[in-house]
Structure formats: structure tokens, C-alpha cells
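Asks: Here numbering that gives the first Met the number 0 is used: position 86 in the sequence shown is 85, and no number is missing along the way.
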Amino acid sequence: MLDASTWWSRVNNHVLESALGLALLLVGLFKVLLPVLGVVGPLALASTTRTVGIDADVPLPDTTASGAVTLRAAGRAELVFHSPGFGDRLLLILPGLVGAVLLLVIFDVLIRLARTFHAGDFFVPRNARRLLVVSGLVFLIGTLPPALDVLTTHLLVDGTPVGQVVHTPYSLDMVAVFGALLIAAAAAAFRQGARLREDVEGLV
0 MLDASTWWSR
10 VNNHVLESAL
20 GLALLLVGLF
30 KVLLPVLGVV
40 GPLALASTTR
50 TVGIDADVPL
60 PDTTASGAVT
70 LRAAGRAELV
80 FHSPGFGDRL
90 LLILPGLVGA
100 VLLLVIFDVL
110 IRLARTFHAG
120 DFFVPRNARR
130 LLVVSGLVFL
140 IGTLPPALDV
150 LTTHLLVDGT
160 PVGQVVHTPY
170 SLDMVAVFGA
180 LLIAAAAAAF
190 RQGARLREDV
200 EGLV
């Protein structure tokens, strides 16, 4: 018969796995499947807008009140595509799609890691490797989608009248980069824990 602590631990493990599985399902559905269907299928689900940077203040029409106040788009604007073709739709979703796919892989690795908790195998070499993989994927989320955003925005506006105004500088997602460093540190701790565990088992 299971004692209360063992029962609670198993419940926690199942809750963790279920939460990760649900997150994987939701990201796959709303961030990958539906956007892809919007590009290749008959559903009008793909985004037709993108927030971009602009080099100079652009005056907006019909925004002067009482002749004293003017509203300007300072630094940011929304790029709107009317009836975009397949290529434009693909470019619009590409940064977010790549980030979502990386996130799906992260959830898959975390589910595999969580399953080892059933046997109490926290500090094992494969978990250290899994955390290192997660760290690399989180780092890619912080660096690759922003780079794709810059590249695809340039391709979208190149040769258009707004191409001279739109300017989207490359900007790292510092939260993701910092998170990747923390996860890498956790991977190192797991690796050290696995090494100590092997040493102790060798002494017994």
C-alpha cells in the first residue's frame, strides 16, 4: 500500500506530465497547425499584419485636434498586407512558426525528463543532457525568431513604396537568453549530481 507522501509524489508527477502535454497540444494547435492552414489551406487564418519599426516620425492623416495636437507614429507602425499571396503569408508567419516549433521540441524534452521522476531518477546523465538541449533550444528562441523577423520584414517590403521607411533592427530576446543560461547552469548541477551519485554507488 502506498503511503501518503508516495501517493502525493505520483499525483504531482502525473499533473506535471499532463500540464506539459496540454501545453504541447495547445502550442501545436494554435501556433503551428492553424497558422500553417492559413497559409496552405482555404482557411483565412494567417496574419496579414506585422508590427515594424520606422526610421522617421510619419504623420497620420486626420489626427489634428483643435489645430494644436498632432498624432504621429513614432518608431513603430503596423504593416498591413491586402490579399497577400502564398509567399507573403509564409513570410508573415515564419518567425512565429519557427519559435513555436522550437517550443514544441522543448515541451517534448521536458515530458521525457518528467517521466524519469516516477522512478526517482532525478540526477542521471540523460537528464543533464536533456536540460542542456532545452538550454540550447531556449537560446535559439531568443535569437533565431528575431533574426527571421528582420529578414522576412526586409523581404516583405523590398521594392514597395514603404520600403524606405520601414526599419526593423535586430533585437535579442534577453529574457530567453538569460533563461537559457540559467537552464545551462541547472544542467551542470544535474551533471554534477549524477557524477556524485555514481561515486556513492561505487562505494557501496
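Just so it is clear, CB atoms sit at the ideal spot from N, CA and C, and this is done for glycine as well. Quantities reported herein were computed from a predicted structural model and do not represent experimental measurements.
Give the single residue among ALA179, VAL161, LEU155 whose Cα lies nearest to the Cα of THR47.
Replies: The shortest Cα separation from THR47 among ALA179, VAL161, LEU155 belongs to LEU155.
Asks: Please work out which residues of its chain come closer than 7 Å, Cβ to Cβ, to PHE116, disregarding the five sequence neighbours upstream and downstream, and give them in chain order.
Replies: The answer, listed in chain order, is ASN12.
Asks: Could you tell me the alpha carbon to alpha carbon distance between THR167 and GLY192, rounded to whole angstroms?
Replies: Looking at the two C-alpha atoms, the distance is approximately 44 Å.
Asks: Please determine, among ARG9, GLY20, PRO145, the residue with the shortest C-alpha to C-alpha distance to ASP107.
Replies: Checking every option, the nearest Cα to that of ASP107 belongs to GLY20.
Asks: By the DSSP assignment, the alpha helix (DSSP H) with VAL100 in it spans what residues?
Replies: 85-114 is the extent of the alpha helix (DSSP H) around VAL100.
Asks: Quick one: any contact between the segment 119-128 and the segment 164-180, if contact means 3 or more CB pairs under 8 Å?
Replies: Judged by Cβ distances under 8 Å, the segment 119-128 makes no contact with the segment 164-180, as fewer than three pairs qualify.
Asks: Near PRO94, which residues of its chain fall below 7 Å by C-beta distance, leaving aside the five closest residues on each side in sequence?
Replies: Excluding sequence neighbours, PRO94 sits near PRO144, LEU147, ASP148, THR151.
Asks: Could you tell me which residues DSSP puts in a beta bridge with THR48?
Replies: DSSP lists VAL79 as partners of THR48.
Asks: Any heavy atom of the ligand HEM closer than 8 Å to the beta-carbon of LEU19?
Replies: For the structure depicted, the ligand HEM is absent and the ligand set is empty, with no information on it obtainable.
Asks: Within a Cβ cutoff of 7 Å, which residues of the same chain sit near SER134, ignoring the five residues on either side of it in sequence?
Replies: Correct list, in chain order: ALA179, ILE182, ALA183, ALA186.
Asks: Just checking my contact of PRO83 with LEU96 at CB under 8 Å: how many whole Å lie between their CB atoms?
Replies: Wrong, their Cβ atoms sit about 15 Å apart, outside the cutoff.
Asks: I'd like to confirm the pairing. Which residues does DSSP put opposite ILE53 in its beta bridges?
Replies: Looking at the DSSP assignment, ILE53 forms a beta bridge with VAL165.
Asks: Would LEU78 and ARG49 be called neighbours here (beta carbons separated by less than 9 Å)?
Replies: Taking 9 Å as the Cβ cut-off, LEU78 and ARG49 qualify as a contacting pair.
Asks: Please name the residue, chosen from VAL38, VAL100, ILE110, VAL123, that lies closest to GLY86 on a Cα-to-Cα basis.
Replies: The shortest C-alpha separation from GLY86 is found at VAL38.
Asks: Below 8 Å on the Cβ atoms is my guess for GLY27 versus LEU103; work out the distance and round it to an integer in Å.
Replies: Their Cβ separation, rounded to whole angstroms, is 6 Å, which keeps GLY27 and LEU103 in contact under 8 Å.
Asks: Please list the terminal residues of the continuous alpha helix (DSSP H) segment that includes PHE138.
Replies: Taken as a continuous stretch (DSSP letters only), the alpha helix (DSSP H) holding PHE138 covers 124-156.
Asks: Nearest by alpha-carbon distance to MET173: which of GLN163, GLY162, PHE121, ILE140 is it?
Replies: Of GLN163, GLY162, PHE121, ILE140, the residue nearest in Cα terms is ILE140.
Asks: Give the straight-line distance between the Cα atoms of PHE189 and ARG114, rounded to the nearest whole angstrom.
Replies: Straight-line Cα distance between these residues: approximately 16 Å.
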